[in-house]
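Here the structure is laid out as structure tokens; the discussion comes afterwards.
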Amino acid sequence: MTQIQKCASRDAYAILSFFKESRCDDGDVIELEFLDTDIEYFGYKTFVDLAQLFIMKLLTPLKKDETTTVLRFQKLSQKSSFHNSDDASSEKYGVQSPFFAIDKTKEFSFLYHYQKSLEFVDVKSKKRVLNLGINRGDEFLVIKEMLGCNAFEAIEFVGIDYSASAIEYAKEAFGADKNVTFFCHDINKLEELNLGKFDLIISIGTLQSSNIEFNATFMSLYQNFLADGGAIVLGFPNCRWIEGEMIYGAKAPNYPFSELSLVLKDIHFCKKYLQQKKYRAVVTGKDYLFLSARKIGLSS
6 MTQIQKCASR
16 DAYAILSFFK
26 ESRCDDGDVI
36 ELEFLDTDIE
46 YFGYKTFVDL
56 AQLFIMKLLT
66 PLKKDETTTV
76 LRFQKLSQKS
86 SFHNSDDASS
96 EKYGVQSPFF
106 AIDKTKEFSF
116 LYHYQKSLEF
126 VDVKSKKRVL
136 NLGINRGDEF
146 LVIKEMLGCN
156 AFEAIEFVGI
166 DYSASAIEYA
176 KEAFGADKNV
186 TFFCHDINKL
196 EELNLGKFDL
206 IISIGTLQSS
216 NIEFNATFMS
226 LYQNFLADGG
236 AIVLGFPNCR
246 WIEGEMIYGA
256 KAPNYPFSEL
266 SLVLKDIHFC
276 KKYLQQKKYR
286 AVVTGKDYLF
296 LSARKIGLSS
């Protein structure tokens with residue numbers, strides 16, 4: 006179903022009220038006609054943000070005439086999300102899962118801030134890098150692209166994930182890279198692998214999993230797997246993935262709206278803990294919040 010509405014010129018209150026009052030089913034499209042000058046006044050980013058607020062995506066705009074453009078907003082199905090999966094097996098994030106189809110590195114908001122975190126911890130100077138929750142290996146590909154093949158090959162990379170199919174995919178993708186090793190293993194039993202210590206530990210959206218005790222796991226990683234003077238990059242999702250769209254805002258249980266308390270609590274715990282260990286820790290990002298930490302005095 007398509008709802009058509011001609012919007013009052015530059016009236017943000019009226020536009021917002023219209024969306025609040027609209028009753029859309031999954032797949033429905035709302036069309037709003039704007040003068041081109043009014044679109045320039047708001048900017049397209051404003052309308053992208055508006056779409057996300059109401060779990061929609063902005064479709065390709067259509068020109069109506071020389072002065073008017075139709076903006077189209079399509080309602081996304083919140084049922085179509087890996088967040089709602091009741092699959093309790095290790096393959097919840099496997100190659101056949103909705104999660105596996107997501108490529109965070111195609112989202113500039115993620116890619117930019119992840120690269121900045123890697124620069125902050127001086128990834129090029131590291132000798133051993135551990136990634137927990139590596140899945141198909143996208144986060145290693147970003148490093149490879151940043152450093153180039155020669156610098157990348159000088160570093161030992163180890164990726165851990167609980168999904169057997171995802172790990173097999175990653176092994177094939179990095180088959181020519183002899184410096185990259187993958188293990189299918191439970192992060193709660195990491196000591197069984199006898200991995201030694203690493204100059205950099207990365208984990209994005211994994212330590213917050215329901216089967217992991219966040220505080221205890223984080224402290225264990227620091228104490229048992231991080232080399233003296235090593236660095237850390239942690240990514241905390243501040244978004245949801247719905248029909249493959251990255252929708253801003255963490256969703257907490259028992260709230261119908263985005264609520265950040267749990268994310269901020271975990272970030273605060275890690276930041277305070279690392280600062281007590283004489284680390285400089287910064288928090289950056291938007292849709293993913295990155296806690297990047299390096300030992301004071303070791304990197305500029």
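Per our numbering, the sequence shown starts with residue 6, numbered consecutively. Beta carbons are placed, not taken as given, at the ideal position from N, Cα and C, and that holds for glycine. These numbers come from a predicted model, not from an experiment.
Residue range of the unbroken alpha helix (DSSP H) whose run includes residue i
i, result
"I60", "Taken as a continuous stretch (DSSP letters only), I60 belongs to no alpha helix (DSSP H), as it is neither H nor E."
"Y46", "D41 to F47"
"Y18", "A17 to E26"
Under 9 Å between C-beta atoms of residue i and residue j
i, j, result
"N140", "A171", "yes"
"G210", "G138", "yes"
"L265", "N229", "no"
"S225", "L195", "yes"
"V185", "F162", "yes"
"L63", "A56", "yes"
"F241", "F295", "yes"
"K132", "A159", "yes"
"L327", "F24", "This structure leaves residue 327 out entirely; the chain is present only between 6 and 305."
"R299", "F145", "no"
"S297", "S122", "yes"
Neighbourhood of residue i by C-beta distance below 8 Å, restricted to the same chain and skipping five residues each side
i, result
"D108", "D143"
"D191", "Y167"
"L116", "K109, T110 and V147"
"L205", "V126, V128, K131, R133, V134, L135, G235, A236, I237 and V238"
"L21", "L55"
"S82", "D31, G32, I247 and E248"
"Y293", "K109, S114, F115, H118, Y119, I209, G210, G240, F241, P242, N243 and C244"
For residue i, three-class secondary structure by DSSP
i, result
"F179", "coil"
"Q79", "strand"
"C189", "strand"
"F241", "strand"
"I272", "helix"
"Y167", "coil"
"Y260", "coil"
"F219", "helix"
"V100", "coil"
"N155", "helix"
"S304", "In this prediction, S304 has a pLDDT of 49, which is less than 50 and means its spatial position is unreliable; nothing more can be read from the coordinates."
"V134", "strand"
"E161", "strand"
"L231", "strand"
"E112", "coil"
"K68", "strand"
Closest by C-alpha distance to residue i, when choosing among the options
i, options, result
"E71", "S27, D41 and D30", "D41"
"S27", "Y49, F39, E45 and I60", "I60"
"Q281", "S214, K291 and Y227", "Y227"
"E248", "K291, D31, A19 and F23", "D31"
"L279", "L231, W246 and L135", "L231"
"L212", "G48, K256 and V238", "V238"
"C189", "A156, N136 and A286", "N136"
"C154", "F179, I165 and A175", "F179"
"D43", "T74, Y18, F23 and K25", "T74"
"N220", "K270, A257 and A255", "K270"
"A19", "L37, D33 and E218", "L37"
"A181", "F157, L198, I165 and G290", "F157"
"T51", "A17, V34 and Q79", "A17"
"F78", "K291, Y49, E96 and T222", "Y49"
"P258", "S102, S215 and R285", "S215"
"I272", "K149, Y260 and F223", "F223"
Close Cβ partners of residue i (< 7 Å) along its chain, the five nearest in sequence each way excluded
i, result
"Q120", "V147 and M151"
"V100", "S170, A171 and Y174"
"Y98", "F104, F105, N140, S168 and A171"
"K256", "R245 and S263"
Same chain, Cβ closer than 6 Å to residue i, five either side skipped, listed in chain order
i, result
"V53", "L63"
"E112", "M251"
"K69", "V75"
"S130", "none"
"R15", "D43 and Y46"
"S304", "Interpretation of S304 is limited by its pLDDT of 49, a score under 50 that renders its predicted location unreliable; the figure taken from the coordinates is listed afterwards. The residues are D127."
"G290", "H118"
"I165", "L137, F188 and H190"
Where the beta strand (DSSP E) through residue i begins and ends
i, result
"E250", "E250 to Y253"
"K300", "Y293 to K300"
"F203", "F203 to I209"
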